[in-house]
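Residues 8 to 253 in my numbering are what the sequence shown lists, from first letter to last. Cβ coordinates follow ideal geometry from the N, Cα and C atoms, glycine included.
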Amino acid sequence: MAHTCHEKRVLHRGEICVVDRLTTLAFDADDTLWHNETFFQLTQERFVELLSPHNDAEDLQARLLETEKRNIGRYGFGVKGFTLSMIETALEVTNGQVPGAVIQEILANGRDLLAHPVELLPGVKETLTEVSEQHRLTLVTKGDLLHQEEKLAASGLGDLFSDVHIVSQKEPATYRRIFETPDRVMMVGNSMKSDILPVLEVGGWATFVPFHIEWELERADTPNNHPRFRQISTIRELPDLLRGSA
Ligand SMILES: [Mg+2]
């Protein structure tokens, strides 16, 4: 696919595509650099199995999602809030009669999720190493502070990032605070709602790398012909995109 430069600036040596002026690449972590949603979904399947004597699978999934939505403002994003929401849903669907052994198992499954080894997505290490030669790399992720710190340490990618931001929300105000010069930053991530739209809103560039599973609470429409929006199918395409040849 031929790359079109939608936004150009005139410098003393001539016209350049603004992508060439990017100094910083900011990366989302979960499902952009390493697997995350896959493990949440496996834990959710185990939850549904555990509660299957009390309710059917579809209803359990819908009620759990409702509980998560209701709690996200209080618990924030991450495994601990998810575990509490599973317990709350289990109590709700059994009218408070859920056996203690089931609660024990939900807690154990939550702990397993926290302890799960980090699995990098294909091409991540090579790509980040390559793009770090020309750009400063920043990590912007939300979730439980301790868990995100542990995952970054286990990923072996820590040394590639000049700075790391573990935030509770990814809103325009968050990015305004983190990016001093948004027009020189490109955010790369798998969530349209958290990684792309708010970054475009504050004047940054944003490249969407969809992951095959999307958490319902992260869905949003793709921007239409936005000059600073890009989409690639795998992170391996990022160096070409930055060279303007993708
Ligand atoms: Mg993500």
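Which two residues bound the contiguous alpha helix (DSSP H) that contains residue i?
i, result
"His-154", "152–162"
"Ala-97", "86–100"
"Leu-128", "Looking at the DSSP string, Leu-128 is not in any alpha helix (DSSP H), and its letter there is neither H nor E."
"Leu-57", "44–57"
"Gln-111", "107–122"
"Pro-246", "245–250"
"Val-206", "204–208"
So, for residue i: in the same chain, excluding its five sequence neighbours on each side, which residues have a beta-carbon less than 7 Å away from its beta-carbon?
i, result
"Arg-20", "Because the pLDDT at Arg-20 is just 46, under 50, the model does not fix this residue reliably, and the value given afterwards should be weighed accordingly. So no residue of the chain qualifies."
"Leu-18", "Here Leu-18 scores only 46 on pLDDT, less than 50, and its place in the model is too uncertain to base an answer on."
"His-123", "Phe-46"
"Val-86", "Gly-117, Leu-120, Leu-121, Asp-151 and His-154"
"Asp-202", "Asp-35, Lys-177, Met-194, Gly-196 and Ala-213"
"Arg-243", "Gly-130 and Thr-134"
"Glu-99", "Arg-70"
Which residues in the same chain as residue i place their Cβ atom closer than 6 Å to its Cβ, once the five residues preceding and following it in sequence are excluded?
i, result
"Thr-101", "His-61"
"Val-171", "Leu-146"
"Leu-159", "Gly-165"
"Glu-137", "Pro-246"
"Trp-222", "Glu-44"
"Asp-190", "Gly-210"
"Ser-240", "none"
"Phe-89", "none"
Mind checking whether residue i and residue j have CB atoms under 8 Å apart?
i, j, result
"Pro-246", "Thr-134", "yes"
"Glu-65", "Ile-220", "no"
"Leu-127", "Leu-144", "no"
"Ser-175", "Gly-83", "yes"
"Val-209", "Arg-183", "yes"
"Ala-33", "Val-131", "no"
"Leu-58", "Leu-67", "yes"
"Ala-97", "Ile-113", "yes"
"Phe-54", "Leu-71", "yes"
"Glu-157", "Ile-173", "no"
"Thr-74", "Glu-56", "no"
Taking the beta strand (DSSP E) that residue i belongs to, which residues open and close that run?
i, result
"Ala-213", "212–215"
"Val-174", "170–174"
"Thr-188", "Thr-188 -> no beta strand (DSSP E), and no H or E assigned at all."
"Lys-149", "143–149"
"Thr-74", "Run containing Thr-74: none in the beta strand (DSSP E); it sits in the alpha helix (DSSP H), 64–82."
"Ala-33", "31–34"
"Arg-237", "236–238"
8 Å is my cut-off, CB to CB: does residue i come that close to chain C?
i, result
"Glu-157", "Going by chain labels, chain C is absent from the structure shown, which holds only one protein chain."
In its own chain, which residues sit with a C-beta less than 8 Å from the C-beta of residue i, not counting the 5 before and 5 after it?
i, result
"Met-199", "Phe-215, Glu-225, Arg-226, Ala-227, Asp-228 and Thr-229"
"Leu-91", "Asn-78 and Tyr-82"
"Gln-141", "Leu-249"
Is it the case that the CB of residue i approaches a heavy atom of ligand 2 more closely than 7 Å?
i, result
"Glu-156", "In the structure shown, ligand 2 is absent; the only ligands present are ligand 1."
* Please write down, chain order preserved, every residue whose beta carbon lies under 6 Å from a heavy atom of ligand 1. => Those residues that bring their Cβ nearer than 6 Å to a heavy atom of ligand 1 are Asp-35, Asp-37, Asp-38, Thr-39, Gly-196, Asn-197 and Ser-198.
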